[in-house]
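Let me begin by presenting the structure, written as structure tokens, before commenting on it.
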Amino acid sequence: MNPFEAYDTALWGIFVILATLLLQLLIASVTKAKQPGAIPGKMDPDLGHASFVFRSNRTFMNSVENAPAMLGTALLAILAGASTYWTGILVWTYALARLVHMALYYAIATDINPSPRSYFFLLGFAANAVLLGVVAAALV
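The opening position of the sequence shown corresponds to residue 77 in the numbering used here, with each subsequent residue numbered one higher.
Laid out in structure tokens, this is it:
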């Protein structure tokens, strides 16, 4: 028997998080590479939210900044034997919130804060914080 079988729901959520990161990397890389005079690793400082190149790069970088905390918390939850139900729900909440955040960031060019994507960022953050609490309860 697979020792992590009870966490299949959470593991599929982790898969979606990782697949989302790879998709964002692909979109940001291809979009930027298609720009005239594109230099790898250098973003035009004149770009802003009106540019899809900027938004696709920021979407990916925002995920790079946030995913390690959730992936670490999810791994710790599994290793600590935290509630399989809550681990699955919270990992999927984060995964879906990040997908909606991505879609909104791609679709809406705005400098207004908070923007619609901000609410899904906060939902993902809250899911991560609550899961950390679930882990703490499992460790006690």
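From the three backbone atoms N, C-alpha and C, an ideal C-beta is built for every residue, glycine too. Source: prediction; values computed, not measured.
Counting along the chain, no alpha helix (DSSP H) covers M119, and no H or E run does either.
Annotation: the continuous alpha helix (DSSP H) that includes N133 extends over F128 to A156.
Judged by beta-carbon spacing, T160 lies beyond the 9 Å limit of A203, meaning their Cβ atoms are not closer than that value. Sequence-distant Cβ neighbours of E141 in its own chain, meaning closer than 8 Å and more than five residues away, do not exist here. Here A185 is near A126, since their CB atoms are less than 9 Å apart. Only exposed fits F80, as fewer than 16 other CB atoms lie within 10 angstroms of its CB. Counting along the chain, S194 sits inside the alpha helix (DSSP H) bounded by residues P192 to L215. Annotation for F201: N142 place their beta carbon closer than 8 Å to its own, counting only its chain and skipping 5 residues before and after. The DSSP-derived three-state label of S105 is helix.
In this structure, the straight-line span from the alpha carbon of A95 to that of A150 is close to 16 Å.
Looking from the CA of L175, the closest CA among I115, A145, S194 and A205 belongs to S194. Of the residues F128, L198 and T85, the one whose Cα lies closest to the Cα of A104 is F128. I165: member of the alpha helix (DSSP H) spanning T160 to A183, first to last residue.
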